[in-house]
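Chains as they are written, first to last, in the numbering used here: chain A, 1 to 115; chain B, 1 to 115. C-beta atoms are modelled at their ideal positions from N, C-alpha and C, and glycine is treated no differently. For clarity, every value in this text was computed on a predicted model and none was experimentally measured. Inspection log for the structure reproduced underneath, given as structure tokens.
The following block contains the structure:
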């Protein structure tokens, strides 16, 4: 499979690349995980977001056991090739806690304008 | 500064945490970089997104030289404490190439419904 050179180079050095999953409609950031070449190629060929689980050292087809799959709409690579953005159609919850997104713990900022 | 325990534990082991910057209004994902404890604490105390540059091994106040600063609106930690989401008000371009976002290289997916 043809991949951008900067990305192929990273995989050739056995580096993992960070993968951000974002809901393609609401634009909510759902989770961050990792991909190796095999995980990315599987994602592209199946249109199912697939990651490399660092804790299990295994391919991880998101939602394979929970049913909370992510259908891939688009993938964009960043400027230095160490991160990709998965735009996905999320079924159910992205987080293993049952929350829609993994980013559900606010860290307070004094003087912030957050509502 | 009081930080969630899972995060404080990572920093205590000298681990870096991935930081995703997202435009707080358009929800566009702008970039991915890294923080150590000092970078995160500075971000919180100044409301200016600050990272740890792995290539320069130095603190990096985003936009300090370019003027393309990121005013922090909120910070959210993920469920396993290895990633944070900066919601920011981006001045100018997030990417050093002049692009609004660093994620500007599409990777094509056969049979995708992307328009």
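**OP:** Mind listing, in chain order, the continuous beta strand (DSSP E) runs of no fewer than 3 residues lying wholly within the segment 53-82 of chain A?
**Re:** 58-61 and 70-77
Original post:
Which residue's Cα is closest to the Cα of residue 88 of chain B: B:108, B:37, B:6 and B:30?
Top reply: B:30
Original post:
Of all Cβ atoms in chain B, is any one closer than 8 Å to the Cβ of residue 70 of chain A?
Top reply: no
Subject >> Proximity below 8 Å, CB of residue 32 of chain B to CB of residue 18 of chain A >> reply: yes
**OP:** Ignore the nearest five residues each way along the sequence and tell me which others in residue 11 of chain A's own chain have a CB closer than 7 Å to its CB.
**Re:** 36 and 37
Subject >> Span separating the alpha-carbon of residue 106 of chain B from that of residue 80 of chain A >> reply: In a straight line, the C-alpha of residue 106 of chain B is about 13 Å away from that of residue 80 of chain A.
Original post:
What number of angstroms, rounded off, separates the C-alpha of residue 110 of chain B from the C-alpha of residue 23 of chain B?
Top reply: Taking the straight line joining both Cα atoms gives about 29 Å.
Subject >> Segment limits, alpha helix (DSSP H) that includes residue 23 of chain A >> reply: Per DSSP, residue 23 of chain A belongs to no alpha helix (DSSP H); it is in the beta strand (DSSP E), 17-23.
Original post:
With distances taken between CB atoms, is the gap from residue 21 of chain B to residue 86 of chain B smaller than 8 Å?
Top reply: yes
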